[in-house]
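Heads up: the structure comes next, in structure tokens.
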């Protein structure tokens, strides 16, 4: 299995944002859907522009790292010794 598939969370900044929301909600006690919705909205509103910017600004580096891992995995594939392999 590849370390960084096309739908990798590493390539989807919203996944990191969900992590931020989860961390904020872990500290909340909710007793109903309405309370959960209220706490979720409050947590969303409290995510700073700096946090959002951090995830966006690191995208080029994360894409590069993902490409490196993906390329390494492709080149690492074991090939039958009797077969011929061509890299384009």
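Numbering (the UniProt record's numbering), first residue to last: 1 to 88. For every residue, glycine included, the Cβ atom is placed at its ideal position computed from N, Cα and C.
Between the CA atoms of residue 22 and residue 34 - distance to the nearest angstrom:
17 Å
Within the segment 26-82, note down every full beta strand (DSSP E) run reaching 3 residues or more, in order along the chain.
none
Tell me the DSSP secondary structure of residue 1 in three-state form.
Note that residue 1 scores 40 on pLDDT, short of 50, meaning its location in the model is unreliable; the coordinates nonetheless yield the value given after this. The answer is coil: DSSP assigns residue 1 none of H, G, I, E or B.
Specify the secondary structure class of residue 7 as computed by DSSP and reduced to three states.
coil
CA-CA distance, residue 19 and residue 41?
15 Å
Less than 8 Å between C-beta atoms, sequence neighbours within five positions excluded: which residues of the same chain meet that for residue 71?
none
To the nearest angstrom, report how far apart residue 51 and residue 28 are at their CA atoms.
20 Å
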